[in-house]
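**Q** Starting off with a structure, shown below.
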Amino acid sequence: MKQVVFIACFALLGLTTNAQTTTAPADTAKLNSLARQTQRYFNDNQVDSLYTLMGATFKQQISAEKMREVTAQLTGQLGKWTSLEPRGVQDGIVRYKATFAMAPLDFYLSRDKEGKIETFLFKPYQE
């Protein structure tokens, strides 16, 4: 399925090596807010605005052009991002169930020390 292509692109981002072992409730709330903002930018096709939320580590691995390409592919294949549900936190990375019109995905998100997105990963959904 073509879905593997965009998942592989975001999988290139990897998970952070400097992740904290715990996430404070206040930080989780900030991540939840950042996740909702990400969903809004996806649905409004504001990829450039989404890219401004990314930290230096992310930007070293994925260009703005590649981000536009992969995001267009994701929304083209799965449709509108309809809901976002936190599923847990591990090593400072929050896992969400990101439900799109056509299928759900696991969405992983973390922040760097500057509060920018460090981990940004979509994978096939697992219960």
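Heads up: the sequence shown is residues -19 to -1, 1 to 108, going by mature numbering (1 follows the signal peptide of the UniProt record, and there is no 0).
For glycine and all other residues, C-beta sits at the position ideal for the given N, C-alpha and C.
Remember, predicted model here, so these are calculated numbers, not experimental data.
Tell me whether Arg92 sits in a helix, a strand or coil according to DSSP, three-state version.
**A** Looking up residue 92 in the sequence shown gives position 111. Note: Arg92 maps to strand in three-state DSSP.
**Q** Grab me the residues of Thr38's own chain with a C-beta within less than 6 Å of its C-beta, minus the 5 sequence neighbours each way, in chain order.
**A** Within the sequence shown, numbered from 1, the residue matching residue 38 stands at position 57. Cβ within range, chain order: Glu99.
**Q** Can you name the start and end residues of the beta strand (DSSP E) that Tyr106 belongs to?
**A** Indexing the sequence shown from 1 puts residue 106 at position 125. Careful: Tyr106 lies outside any beta strand (DSSP E) and carries neither H nor E.
**Q** For the alpha helix (DSSP H) that Gly57 lies in, which residues bound it at each end?
**A** Stepping through the sequence shown from its first residue, residue 57 is reached at position 76. Residues 45 to 59.
**Q** Answer yes if the region 13 to 21 comes into contact with the region 40 to 48, meaning at least three C-beta pairs across the two stretches below 8 Å, and no otherwise.
**A** Cβ pair count under 8 Å is below three, so no.
**Q** Can you tell me whether DSSP reads Lys97 as helix, strand or coil?
**A** As a first step, residue 97 must be located in the sequence shown, where it is residue number 116. In the three-state DSSP reduction, Lys97 falls in the coil class, being neither helix nor strand.
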